[in-house]
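K.L.:
Pasting in a structure now, in structure tokens, and then I'll have a few things to ask.
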Amino acid sequence: MHQPDRVTLREVAPRDGLQNEPPVPAAGKIRLIDALARTGLSRIEAVSFVSPKAVPQMADAAEVWAAVEKHPGIRYSALAPNRRGVERALDAGFTAVEVVVSASETHNRANIGRSVAESLAELPDICAVAKEHLAAVEVIIATSFGCPFEGDVDPGQVARIAEAAEAAGAGRVAFGDTTGMGTPRRVTDLLDAVSTGLPMLMHFHDTRGTALANLLTALDRGVTEFDASVGGIGGCPFAPGASGNVATEEVVHMLHDMGVDTGVDLDALISTAELAQEIVGRPLESGVLRAGPRTRLSPKP
Numbered sequence: 001m002h003q004p005d006r007v008t009l010r011e012v013a014p015r016d017g018l019q020n021e022p023p024v025p026a027a028g029k030i031r032l033i034d035a036l037a038r039t040g041l042s043r044i045e046a047v048s049f050v051s052p053k054a055v056p057q058m059a060d061a062a063e064v065w066a067a068v069e070k071h072p073g074i075r076y077s078a079l080a081p082n083r084r085g086v087e088r089a090l091d092a093g094f095t096a097v098e099v100v101v102s103a104s105e106t107h108n109r110a111n112i113g114r115s116v117a118e119s120l121a122e123l124p125d126i127c128a129v130a131k132e133h134l135a136a137v138e139v140i141i142a143t144s145f146g147c148p149f150e151g152d153v154d155p156g157q158v159a160r161i162a163e164a165a166e167a168a169g170a171g172r173v174a175f176g177d178t179t180g181m182g183t184p185r186r187v188t189d190l191l192d193a194v195s196t197g198l199p200m201l202m203h204f205h206d207t208r209g210t211a212l213a214n215l216l217t218a219l220d221r222g223v224t225e226f227d228a229s230v231g232g233i234g235g236c237p238f239a240p241g242a243s244g245n246v247a248t249e250e251v252v253h254m255l256h257d258m259g260v261d262t263g264v265d266l267d268a269l270i271s272t273a274e275l276a277q278e279i280v281g282r283p284l285e286s287g288v289l290r291a292g293p294r295t296r297l298s299p300k301p
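Read in the UniProt record's numbering, the sequence shown has 97 at position 97, and its numbers run on one by one without any break.
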């Protein structure tokens with residue numbers, strides 16, 4: 001198995017996580033982002049600039065971002081579905097934006113309200129606007145491993161979108177397992193099909209319990225950038241069954257035991273997962289949050 005010395009994690013709980021919960025007050029979002037920044041994470045997806053009618057959970061994105069304590073060395077980013085959202089993110093001061101395009105027509109229309117072709121046609125303008133602001137653009141390809149409406153997604157279609165992202169001027173590409181339909185075989189099939197020269201990131205949901213297996217498969221193929229969400233919160237409001245992301249503390253716990261560095265303090269991360277649980281007001285499903293790390297032993301009988 002190929003094993004890198006280090007893996008980079010992007011924490012997505014403040015955006016992907018909280019967008020699938022009942023609206024959380026701005027103060028709670030700010031507390032979560034600031035706590036995550038103290039764990040050693042180097043990348044945090046803080047907010048998204050979307051229609052407040054479509055995603056009311058993110059209606060206060062600019063307010064939240066203005067109040068967050070910006071830590072040097074952390075790359076904060078915002079997600080946007082279109083040029084208007086990207087411009088709002090840039091105006092708010094972000095220097096890294098993620099634009100989402102689905103690999104399936106049905107999900108793209110449900111998620112963004114337009115065809116895949118329309119989303120791709122806008123990408124060159126988005127990249128040009130971002131370049132003017134000295135900002136980086138990442139294209140996230142949702143439903144890369146399957147669509148809840150259409151079923152299987154052709155890896156060739158995903159590869160074509162990745163090629164379009166590179167041609168438009170994007171700086172990296174991410175592959176999203178929007179409803180946890182991915183399996184190790186499908187991760188392999190996708191990576192066999194994709195030939196982009198851009199840095200790649202994987203975003204796995206644990207809906208069907210395969211997220212860590214998928215991550216290990218991608219790791220073995222040389223992928224070293226992954227999304228994760230503290231406590232395992234998250235999902236997509238426009239995809240039935242899109243339950244939580246792979247839990248950041250579960251990823252860190254596994255990778256550290258393998259000897260792979262993440263730069264993250266696991267104890268601080270677990271404490272932040274406890275904060276996330278308090279903020280959303282319900283028990284979270286993360287196994288490491290529930291049981292603690294393997295080094296936490298019970299008293300001898």
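Think of the CB as a built atom: it goes at the ideal place given N, C-alpha and C, for glycine as much as any other residue.
Can you tell which of Gly176, His71 and Val86 has its C-alpha closest to the C-alpha of Ser51?
P.N.:
Of the listed residues, the one whose Cα sits closest to Ser51 is Val86.
K.L.:
Check the C-beta distance from Glu249 over to Val288 and give it rounded, since I have them as a contact under 8 Å.
P.N.:
Confirmed, Cβ separation roughly 4 Å.
K.L.:
Please determine, among Pro301, Leu120, Gly235 and Asp192, the residue with the shortest C-alpha to C-alpha distance to Val100.
P.N.:
The shortest Cα separation from Val100 among Pro301, Leu120, Gly235 and Asp192 belongs to Leu120.
K.L.:
Report all residues from its chain with a CB closer than 6 Å to the CB of Ser104; omit the five preceding and five following residues, and keep chain order.
P.N.:
Thr143, Cys147, Glu150 and Val153, listed in sequence order.
K.L.:
With DSSP run on the structure shown, which of helix, strand or coil describes His71?
P.N.:
Here His71 sits in coil by DSSP.
K.L.:
Between the C-alpha atoms of Ala46 and Arg282, what's the straight-line distance to the nearest angstrom?
P.N.:
Looking at the two C-alpha atoms, the distance is approximately 21 Å.
K.L.:
Can you tell me which of the three DSSP states Ser102 falls into?
P.N.:
Looking at Ser102 - three-state DSSP - the assignment turns out to be strand.
K.L.:
Out of Pro14, Thr178 and Ser286, which has the shortest C-alpha to C-alpha gap to Ala59?
P.N.:
It is Pro14 whose Cα lies nearest to the Cα of Ala59.
K.L.:
Checking the sheet assignment: what are the DSSP bridge partners for Cys127?
P.N.:
Cys127 pairs with nothing; no bridge assigned.
K.L.:
From which residue to which residue does the beta strand (DSSP E) around Asp177 run?
P.N.:
Start and end: Arg172 to Asp177.
K.L.:
What is the DSSP secondary structure of Glu45, counted as helix, strand or coil?
P.N.:
Strand, per DSSP.
K.L.:
Under 8 Å between the Cβ atoms of residue 302 and Ile44?
P.N.:
It is not possible to answer for residue 302, since the shown part of the chain is limited to 1 through 301.
K.L.:
Identify every run of the alpha helix (DSSP H) within the segment 165-233, keeping only runs that are complete inside it and at least 4 residues long; order them along the chain.
P.N.:
Taking only runs of at least 4 residues, the alpha helix (DSSP H) segments lying wholly in the segment 165-233 are 184-193 and 211-220.
K.L.:
Based on Cα-Cα distance, which residue from Ala67, His205 and Glu225 lies nearest to Pro25?
P.N.:
Checking every option, the nearest Cα to that of Pro25 belongs to Ala67.
K.L.:
Considering only C-alpha positions, which residue in the set Met200, Ala78 and Asp177 is nearest to Ser102?
P.N.:
Measuring from the Cα of Ser102, the nearest candidate turns out to be Asp177.
K.L.:
On the premise that Glu132 lies in contact with residue 308, defined as a C-beta separation below 8 Å, what is that separation, rounded to the nearest angstrom?
P.N.:
Since the first residue shown for the chain is 1 and the last is 301, residue 308 is missing from the structure and cannot be characterised.
K.L.:
At which residues does the beta strand (DSSP E) containing Thr8 begin and terminate?
P.N.:
Start and end: Thr8 to Glu11.
K.L.:
Below 6 Å CB to CB, which residues in the same chain sit around Ala164 once its five sequence neighbours on both sides are set aside?
P.N.:
Closer than 6 Å at Cβ, skipping near neighbours: Leu120.
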